[in-house]
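Numbering (the working numbering), first residue to last: 21 to 436.
Glycine residues also receive a C-beta, built at the ideal position from the N, C-alpha and C atoms.
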Amino acid sequence: MRRLLAILAATHALDMRQAPRRMLRKALGNTAAALGAASLVLNPLPSLAAKPSNAASSAGSRVNKDPQSLLRNGLPIDGQIGSATKKKDVRQLQAAVELLGDDLKVKRISAAKSDVQKAATILNSKAKDIAKGNGDIAKLLDEVRTNLDALPAILADTGPAGSPQERESLDKAGAAQQRCASLIGSAEARLVPPGFSYKTPDEYKGVPRLDTRARVRFTLRKADKGDTFKVNGQPYKQAVIDMIVDGYTTPLTSGNFVDLVKKGFYDGMAIQRSDGFVVQTGDPDGPDGPLVGYGQDGDPKKEPRRVPLELFVDGDKSPTYGETTEEGSRGGAATVLPFQAYGALGMARDEYEADSASSQFFWLLFDSDLTPAGKNLLDGRYACFGYSVAGEDFLGAVQEGDVIESAKVLGVGIDP
Numbered sequence: 021m022r023r024l025l026a027i028l029a030a031t032h033a034l035d036m037r038q039a040p041r042r043m044l045r046k047a048l049g050n051t052a053a054a055l056g057a058a059s060l061v062l063n064p065l066p067s068l069a070a071k072p073s074n075a076a077s078s079a080g081s082r083v084n085k086d087p088q089s090l091l092r093n094g095l096p097i098d099g100q101i102g103s104a105t106k107k108k109d110v111r112q113l114q115a116a117v118e119l120l121g122d123d124l125k126v127k128r129i130s131a132a133k134s135d136v137q138k139a140a141t142i143l144n145s146k147a148k149d150i151a152k153g154n155g156d157i158a159k160l161l162d163e164v165r166t167n168l169d170a171l172p173a174i175l176a177d178t179g180p181a182g183s184p185q186e187r188e189s190l191d192k193a194g195a196a197q198q199r200c201a202s203l204i205g206s207a208e209a210r211l212v213p214p215g216f217s218y219k220t221p222d223e224y225k226g227v228p229r230l231d232t233r234a235r236v237r238f239t240l241r242k243a244d245k246g247d248t249f250k251v252n253g254q255p256y257k258q259a260v261i262d263m264i265v266d267g268y269t270t271p272l273t274s275g276n277f278v279d280l281v282k283k284g285f286y287d288g289m290a291i292q293r294s295d296g297f298v299v300q301t302g303d304p305d306g307p308d309g310p311l312v313g314y315g316q317d318g319d320p321k322k323e324p325r326r327v328p329l330e331l332f333v334d335g336d337k338s339p340t341y342g343e344t345t346e347e348g349s350r351g352g353a354a355t356v357l358p359f360q361a362y363g364a365l366g367m368a369r370d371e372y373e374a375d376s377a378s379s380q381f382f383w384l385l386f387d388s389d390l391t392p393a394g395k396n397l398l399d400g401r402y403a404c405f406g407y408s409v410a411g412e413d414f415l416g417a418v419q420e421g422d423v424i425e426s427a428k429v430l431g432v433g434i435d436p
């Protein structure tokens, strides 16, 4: 039942219109109605199942829920993107370092030692090929080598299982691994060709573009100024969430979002939905008002500025527009940026109009049990345009009515 209700919620919670929201609440209060409606969305699940390459990370068959890893996988290295880059030397290095992180998390020390050796072998033999004469990339890879070189000594004597020594060693090893992964991501970002961009439909030339990446920070407060966000038992007066918005896979969706942030559109706006599945906002006059998006030229009396449904299917040469993967007879096709990380960013739209997005967006509260990758009715139906990379734990404490104090663009570029 829990799974059925969650899937039912997925089909409606992201709709910009408010009537379906009221319908949803009614459905959730009626078990028979919920089961009947859920069966309608359960039937397409087999055709929507993602390819294994989408559900898995470089480490194997597990679901890759790491937003930083997913962002690395979405970089158009040498102008190629997604699975087309898997055989590149730098991707092989990334895979070995990410596998090291997986093994450290579950205390597979022997496997971790092998991962270090494999990563070092790739780096020592392929560093020059990866850098291609780029001094900045070469320096980043040298720092990767320094961190890898320190790991064998750290892992040589971890002490008894469960001991403070083991915990300290694993913490040190984990920090070195994360640093290596970050450095590799920075190197990969510099392998994106300068000025690289994808062609977008002419009819949307009025929509702002983002052809790189941006780091955006949202700062929230509780509706009651005396209240706090409680995370892991600790109270916080503010919730600060950093996000990386990806213009490589969604140049129009991301460009529109960054433009609205710069304009201060979200400043002072309330959170309009928080149901355990998504946290959503962006309706300019709230759930009960007639507006659904950002009025053209900032005039609420004008028609909303519309953003097309923008999807980058793995294996394609550029984003597609105006239709879901199912409508394009590609149900089940993997997207380059999937909805499989907590705090993934998605663009809300009218459920029955693909090109109806404007200003409303959501954070997905991903649950690997309830919303497995490719089977959550979001991949291929809604645009995923980035991920939360810091402060995402606050999202579970955000409620309807909480207020966005400020939204700011912290940086724009290949490695914001």
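In the structure shown, what three-state DSSP assignment does L430 receive?
strand
Roughly how many angstroms lie between the CA atoms of G226 and V83, to the nearest whole one?
37 Å
Close Cβ partners of A417 (< 6 Å) along its chain, the five nearest in sequence each way excluded
F249, K250, V251
List the endpoints of the continuous beta strand (DSSP E) containing P255.
Here the beta strand (DSSP E) through P255 covers 254-256.
In whole angstroms, what is the alpha-carbon distance linking D149 and D109?
8 Å
DSSP three-state assignment for V61, whether helix, strand or coil
At V61, the pLDDT of 29 sits below 50, so the modelled position is not reliable and the matter cannot be decided from this model.
Endpoints, the beta strand (DSSP E) within which F249 is located:
249-251
Endpoints, beta strand (DSSP E) assigned at F277:
For F277, no beta strand (DSSP E) run applies; the uninterrupted alpha helix (DSSP H) run containing it begins and ends at 271-282, by DSSP.
In three-state terms, what does DSSP make of S408?
strand
Does the structure place the stretch 368-386 close enough to the stretch 291-309 that three or more beta carbon pairs sit under 8 Å?
Segments in contact, yes.
Measuring alpha carbon to alpha carbon, tell me which residue in V429, I97, V423, P221 is nearest K464.
Residue 464 lies beyond the stretch modelled for the chain, which goes from 21 to 436, so this question has no answer here.
Distance check for D135 and T141, CA to CA, integer angstroms please.
Straight-line Cα distance between these residues: approximately 10 Å.
Using the DSSP secondary-structure output, state which residues sit across from V117 in a beta bridge.
Beta-bridge pairing links V117 to no other residue.
Does DSSP classify L168 as helix, strand or coil?
Residue state for L168 is assigned as helix, using DSSP reduced to three classes.
Give the secondary structure of T301 by DSSP, where H, G and I count as helix, E and B as strand, and everything else as coil.
Note: T301 maps to strand in three-state DSSP.
Sequence-distant residues of its chain with Cβ nearer than 7 Å to K219 (five each side left out):
S338
For G406 versus I264, is the C-beta distance shorter than 9 Å?
Yes.
Go ahead and pull the three-state DSSP assignment for F382.
strand
Quick check on L91: does DSSP put it in helix, strand or coil?
helix
Less than 8 Å between the CB atoms is what I'm expecting for Q88 and A201, so what's the real figure, rounded?
With a Cβ gap of about 7 Å, Q88 and A201 count as contacting.
Anticipated Cβ contact below 8 Å, K412 with G363, distance rounded:
Note on identity: in this sequence residue 412 is Glu, with Lys being the wrong assignment. Contact flag correct, Cβ pair sits at about 4 Å.
Nearest candidate by alpha-carbon position, reference F414, set G215, Y256, G102, S378
Y256
Assuming the contact rule is C-beta atoms closer than 8 Å, P184 and L230 should be a hit. Round their C-beta distance to whole Å, please.
With 8 Å as the limit, P184 and L230 do not qualify as a contact, their Cβ atoms being about 46 Å apart.
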